[in-house]
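Chemist: Okay, here's the structure, questions in a sec.
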Amino acid sequence: MRVIPVPVREDNYAYLLVDEPSNKAAAVDPYDVPKVTEVAEKLGVQIVAAITTHHHFDHSGGNKDFAAKYPDATIYGGSDKVPALTRLVKDKDEFTLGDKTHIRHVAGGVFTGDTLFIAGSGRFFEGTGDEMKHALQYLASLPDSTIVYNGHEYTAGNLSFAKAIDPSNAAITRLENLVNANKVTTGLTTIGDEKEWNVFMRLTSDAVKLATEATADTPESEIMDSLRNKKNNHRGYIYIFHAVPSS
């Protein structure tokens, strides 16, 4: 099984999930169908399905074009709000791609959409802090070696916030090195890493409690709300320079 990130829009990721024995692929959040198709053709793989992480337009906005381009492909999604949906899947449902790729949380990897980002979490547009807390706890229950494939390239901004909240955390230095060395960071970290450096998965840590003025009696859902509000208003930036060879 191979996972190939396909950057789309300004900071979104689509992916090709390839079952290597059959050379068949599923496109994950194929917002830009021509771009995803181009990458598939260069790889010599056959797209047979789409997987939609959630219904937000920047993730599902290409589904109708995908259905027109690949009329025989199954379009999977977890909500009937997903455009052009042909198969609804729920938590712990499983299906197969090609010959050997069984999809539930994917063969050592997880596509987190707008829930978990590297060192960050999504905003609570249609949910609550308590729901996000439970979602991240569920992801934290996966094996530490599970690779994270997230929906946006937000890592540099999340690093800045993590340094402001938990500046003495040695794991954040590892994250900073990762950001300095890689323009594309998705697929380079694991659930185990997130449990070390993601402040939204460390609600009971002393650093997060101090930053949110939490007491021993403060519910974790309130800590999550406070932390997310701080992130929404955070204005710290880290500028990352990547060397470009001279012509």
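Our numbering puts the first residue of the sequence shown at 412, with every later residue one more than the last.
In this text, a Cβ means the ideal position worked out from N, Cα and C, and glycines have one as well.
Owing to the predicted nature of the structure, the values given are computational and were not obtained by experimental measurement.
Among the residues of its own chain, which have a CB less than 8 Å from the CB of Asp443, if the five just before and after it don't count?
Modeler: Cβ neighbours of Asp443 beyond the five flanking positions: Val417, Val419, Arg420, Ala425 and Gly473.
Chemist: Looking at C-alpha atoms only, which residue of Met635, Phe535 and Thr596 is the closest neighbour of Phe611?
Modeler: It is Met635.
Chemist: Can you tell me where the alpha helix (DSSP H) holding Val419 begins and where it ends?
Modeler: Unbroken run through Val419 is the beta strand (DSSP E), Arg413 to Val419; no alpha helix (DSSP H).
Chemist: With C-beta atoms as the reference, is Ser632 less than 7 Å away from Lys544?
Modeler: Yes, the Cβ-Cβ distance between Ser632 and Lys544 is below 7 Å.
Chemist: Once you ignore the five residues that flank Gly598 on each side, which residues in its own chain have a CB closer than 8 Å to its CB?
Modeler: Val414, Pro416, Gly520, Ile558, Val559 and Tyr560.
Chemist: Taking Cβ to Cβ, would you say Phe572 is nearer than 7 Å to Lys480?
Modeler: No.
Chemist: Let me make sure I understand the geometry here. Which of Gly455, Ala478 and Lys453 has the alpha-carbon closest to that of Ala440?
Modeler: Here the sequence assigns Asp to residue 440, which means Ala is not the residue at that position. Residue Ala478 is the option with its Cα nearest to Asp440.
Chemist: Runs of 4 residues minimum, wholly inside the segment 557–582: which ones carry the alpha helix (DSSP H) assignment?
Modeler: Correct list: 566–576.
Chemist: With distances taken from CA atoms, which of Arg613, Val493, Lys594 and Ala484 is nearest Ala551?
Modeler: Checked all of Arg613, Val493, Lys594 and Ala484; the closest Cα to Ala551 is Arg613.
Chemist: So if DSSP puts Gly531 in a beta bridge, which residue, or which two residues, is it bridged to?
Modeler: Answer is Phe528.
Chemist: How would you call Gly538, buried or exposed, if buried means at least 16 neighbouring beta carbons within 10 angstroms?
Modeler: Exposed, since its Cβ has fewer than 16 Cβ neighbours within 10 Å.
Chemist: From Leu427 to Gly540, what does the alpha carbon distance come to, in whole angstroms?
Modeler: Whole-angstrom Cα-Cα distance: 31 Å.
Chemist: What residue range does the beta strand (DSSP E) around Asp440 cover?
Modeler: Run containing Asp440: none; DSSP gives neither H nor E here.
Chemist: Are the Cβ atoms of Val493 and Thr464 separated by less than 7 Å?
Modeler: No; because the gap between Cβ atoms is not below 7 Å, this pair is not in contact.
Chemist: Between Ala654 and the rest of its own chain, which residues show a CB-CB distance below 7 Å, the 5 nearest in sequence each way excluded?
Modeler: In this prediction, Ala654 has a pLDDT of 39, which is less than 50 and means its spatial position is unreliable; what the coordinates show is noted afterwards. For Ala654, where only same-chain residues beyond five positions count, there are no Cβ hits under 7 Å.
Chemist: Would you mind sorting Glu564 into buried or exposed? The rule is 16 or more other CB atoms within 10 Å of its CB.
Modeler: With 16 or more Cβ atoms within 10 Å of its Cβ, Glu564 is classed as buried.
Chemist: Nearest-angstrom Cα distance between Leu570 and Asn423?
Modeler: Cα to Cα, Leu570 sits roughly 18 Å from Asn423.
Chemist: For the segment 582–599 against the segment 618–626, do three or more pairs of beta-carbon atoms, one drawn from each stretch, fall closer than 8 Å, so that the two count as touching?
Modeler: No contact exists between the segment 582–599 and the segment 618–626.
Chemist: By the 10 Å Cβ neighbour count, where 16 or more other Cβ atoms means buried, how is Ser468 classified, buried or exposed?
Modeler: As written in the sequence, residue 468 is Phe, which differs from the Ser given in the question. Flag for Phe468 reads exposed.
Chemist: By the 10 Å Cβ neighbour count, where 16 or more other Cβ atoms means buried, how is Arg646 classified, buried or exposed?
Modeler: It counts as exposed.
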